[in-house]
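Novice: Residue numbers -22 to -1, 1 to 299, in mature numbering (1 follows the signal peptide of the UniProt record, and there is no 0), belong to the letters of the sequence shown in order.
For glycine and all other residues, C-beta sits at the position ideal for the given N, C-alpha and C.
A quick note: this is a predicted structure, and the numbers were derived from the prediction, not measured.
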Amino acid sequence: MRRPLLSTLAAAVVLVAGCAGAPEPSTIAATAVAPLLPGAEAITSAPAAEGTGSCDTEATLAPTTQPRPGAMPAGSAMAAIIANGRLRVGVDQNTYMFGFRNPSTGRLEGFDIDLAREIARDLFGDPDKIELRSVTAADRIPLLQEKKVDMIVRTFSATCERRREVDFSSVYYRAAQRIAAPRGAGIGNGAGLAGKRVCVAKGTTAAAPLFTLPTPPTVLGVTNWTDCLVALQQGTVDAISGDEPILAGLVAQDRNLEVVGDPIGAGAYAVGVPRGSDELVRFVNGVLDRARTDGTWQRIYAQHLSTLGPSQGPPVPRYVG
């Protein structure tokens, strides 16, 4: 009964012996290359920076007497929203702390999300009368122009260029733009980006300060800020530059990163609405005024942004009419 096994072993010995004198296969050297993320592209010219241009980027319309929830003036943009049964808001789902999808609950959460719910609360008397639509930074203005959303609450800063296309509320949050890099990478400030590859989100103003550095880095634009984190982990870029709370959210997801250097720019977030929506701008500013004075702003800061340090308080609005 053992002969078949012995025959098999013998054949294996012969096969190995026969291969012993054969030349070893040659080794082909290869270098692993991480492909660019879908939608990633080089940014070769600076967008308009925040605070530049001939306009007052923070000027906005003062609120008037705030209507009661559910009782909006006939013919107003707010009445149209009420008739639609829900507030359609463009938000982010990829920016930790401001707008992200909680993997445990599947719900969108963050500072911007809660602020949008406060607007729905003052419209309907119910913060859940809201439809949150995940949008990219590059799609914010087109969606407002096409009126596929009623407003954008997505770390959206007013610039003179953007103000020619949409309207803005008062500023509800200020942020400094900084740099995030791997610990020990030798990047400590803007000067350290010389000869490096830096990631930003397309459709934002984050690339602008990078082009003002003495030796501008190579800039890669991606769809979402989390794509920057992936690009950095894959070695496609050397650093990320964006607003400090956005970078802090990325660091919270990868402790090998750190935020470094002095600010190289600044951001001032406001709610974006379709151009010509004066009544809606005044209404949203009324909601923001309430949130500033009744403790709502401080509450949602403490809930979502406390890791950034003590709150400096909500920005003071700049009303011009």
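#1: If you run the structure through DSSP and keep just helix, strand and coil, what is Met56?
#2: My output table needs one value for Leu65: the three-state DSSP class, helix, strand or coil.
#3: With DSSP as the reference, please indicate the residues paired to Gln71 in a beta bridge.
#4: Among the candidates Pro241, Phe89, Arg79, Arg111, whose CA atom is the shortest distance from the CA of Ala158?
#5: Would you report the Cα separation of Leu65 and Ala52, rounded to the nearest angstrom?
#6: Between the stretch 145 to 155 and the stretch 171 to 182, can you find at least three pairs of beta-carbon atoms closer than 8 Å?
#7: Quick check: Val69 and Val144, are their CB atoms within less than 8 Å of each other?
#8: Assign Glu257 to one of two classes, buried (16 or more other C-beta atoms within 10 Å of its C-beta) or exposed (fewer than that).
#9: Return the residue from the list Phe78, Val259, Ile97 that minimises the CA-CA distance to Val113.
#10: Residues in the same chain with beta-carbon distance under 7 Å from Asn202, minus the five sequence neighbours each way, listed in chain order, please.
#11: Taking the straight line between their C-alpha atoms, what separation do you get for Arg85 and Arg111?
#12: Straight-line CA distance for Cys33 to Gly264?
#13: Counting only runs of 3+ residues fully inside the stretch 75 to 140, write out the beta strand (DSSP E) ranges in chain order.
Specialist: In terms of the structure at hand:
#1: In the structure shown, Met56 sits in a helix (DSSP, three-state: H, G or I).
#2: If DSSP states are grouped into helix, strand and coil, Leu65 belongs with the strands.
#3: Residue pairing by DSSP places Gln71 opposite no residue, since no beta bridge is assigned to it.
#4: For the options Pro241, Phe89, Arg79, Arg111, the alpha carbon positioned closest to that of Ala158 is the one of Pro241.
#5: The straight-line gap separating the alpha-carbon atoms of Leu65 and Ala52 is approximately 17 Å.
#6: Contact between the stretch 171 to 182 and the stretch 145 to 155 is absent: fewer than 3 CB-CB pairs across the two stretches fall below 8 Å.
#7: Cβ distance not < 8 Å, so Val69 and Val144 don't count as in contact.
#8: It is buried - the Cβ of Glu257 has at least 16 other Cβ atoms within 10 Å.
#9: Per the Cα distances, Phe78.
#10: Scanning its chain for C-beta atoms nearer than 7 Å, with the 5 sequence neighbours on each side dropped, one finds around Asn202 the residues Asn72, Thr114, Ala179, in chain order.
#11: Approximately 12 Å, taken between the alpha carbons.
#12: Spanning the two alpha carbons is a distance of roughly 23 Å.
#13: Runs of the beta strand (DSSP E) lying entirely within the stretch 75 to 140, each at least 3 residues long, are 77 to 79, 108 to 112 in chain order.
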